[in-house]
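Before any comments, here is the structure.
Residue numbers (the working numbering): 311 to 628.
Listed below in structure tokens is the structure:
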């Protein structure tokens with residue numbers, strides 16, 4: 311429906327290829343969780359650093375989406391068996407950007423726009439080599455997710471890249487930019503969100519398994535098969551919830567950590583039952599995909615709200 315509203319080569323077409331709504335879920339909210347966590351642990355919150363960081367994370371993730379769509383064109387062209395939420399970003403396949411190379415130029419432009427924002431953080435606010443290291447890692451991992459010569463997602467590494475970047479790196483960088491140091495409190499939210507976003511990717515791969523296999527894209531669904539992938543999905547849910555339950559041991563306020571686990575558990579349990587019932591094999595995959603997105607969003611929002619409460623408690627106590 312969104313594609314139907316996009317006229318060829320219109321601003322909306324380029325907006326769609328960047329997928330900002332997924333960027334919010336997979337990058338901006340986890341970055342905010344890490345940033346607010348640092349403040350909850352006593353670090354002074356810097357709005358300039360936060361806004362510049364959000365800009366970098368947003369632009370790099372949007373650039374990654376556009377570049378991946380360009381490099382994945384042949385695979386997407388072969389895919390006629392996708393679900394409502396899978397099958398790639400079909401802007402190029404549907405001819406909404408008539409010159410495919412414009413998608414690549416757009417991706418490169420977004421990545422270049424992110425560079426001065428990241429350098430501003432480094433030179434003005436946080437002159438620390440870790441800042442550059444995290445920025446370069448995120449940009450390169452995103453770009454080479456589908457880009458030659460590495461084509462990480464074709465080698466069975468794509469899921470780990472997304473879990474590392476959209477789960478761990480975003481939380482860790484958000485925390486580090488505010489606190490100027492790493493801390494144990496980062497670990498539970500980073501693990502919980504890494505496992506959560508890994509399930510978001512896994513559930514999207516179920517409907518794409520056959521065309522991915524034909525194109526040589528060795529996703530975990532292709533490598534594991536649906537039954538083992540379904541068990542991996544359930545294990546990831548356990549990792550998310552256990553990480554949250556262990557949160558207070560690492561310094562995460564109990565009401566933020568346990569409250570988020572309690573918030574996400576009912577839908578996570580329903581998703582587990584659906585996976586065990588094999589609903590991934592039929593039309594139930596669409597609802598299961600939506601519910602998986604829902605669990606991940608609950609994890610992010612639960613942590614964010616809980617940590618904001620922790621900041622309020624800390625300020626009130628002072």
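Ideal Cβ placement from N, Cα and C applies to all residues, glycine included.
Around the beta carbon of residue 514, 16 or more other beta carbons sit within 10 angstroms, so the residue counts as buried. Minimum Cα-Cα distance from residue 544 among the listed residues 623, 359, 385, 586 corresponds to 586. Sorting 355, 493, 317, 522 by C-alpha distance to the C-alpha of residue 466 places 522 at the top.
Using a 10 angstroms sphere on the CB of residue 384, the tally of other CB atoms stays under 16, which defines it as exposed.
Residue environment for residue 415: exposed (fewer than 16 other C-beta atoms within 10 angstroms of its C-beta). Scanning 446, 600, 420, 409 for the CA closest to the CA of residue 580 turns up 600. Cβ-Cβ distances below 7 angstroms link residue 511 to 469, 472 in the same chain, with the five nearest sequence neighbours on each side left out; the list follows chain order.
Here residue 535 is exposed, its C-beta having fewer than 16 other C-beta atoms within 10 Å.
Put simply, of 485, 624, 503 the residue whose alpha carbon is nearest the alpha carbon of residue 495 is 485.
Nearest C-alpha to residue 369 among 500, 445, 432: 445.
In the three-state scheme derived from DSSP, where H, G and I count as helix and E and B as strand, residue 621 is classed as helix.
The shortest CA-to-CA distance from residue 508 to any of 361, 442, 477, 524 is the one to 477. In the displayed model, residue 585 falls within a helix according to three-state DSSP. Counting C-beta pairs with one atom in each stretch, the stretch 429-441 and the stretch 362-380 have three or more that are closer than 8 angstroms, which means they touch.
Of the other Cβ atoms in all chains shown, 16 or more fall within 10 Å of the Cβ of residue 616; this residue is therefore buried.
For the pair residue 374 and residue 318, the Cα-to-Cα distance works out to about 21 angstroms. Rounded to the nearest angstrom, the gap between the Cα atoms of residue 584 and residue 548 is 15 angstroms. Taking 4 residues as the minimum length, the alpha helix (DSSP H) runs contained wholly in the stretch 527-584 are 530-534, 536-555, in order along the chain. Fully contained in the stretch 351-401 are the following alpha helix (DSSP H) runs of length 4 or more, in chain order: 357-381, 383-388. Membership of residue 410 in the alpha helix (DSSP H) is indicated by the continuous run 410-430.
Taking the Cα positions, residue 382 is about 20 angstroms away from residue 316.
When the beta-carbon positions are compared, residue 560 and residue 481 stay at least 7 angstroms from each other. By the Cβ criterion, the stretch 557-574 is in contact with the stretch 610-627, since at least three pairs of Cβ atoms, one from each stretch, lie closer than 8 angstroms.
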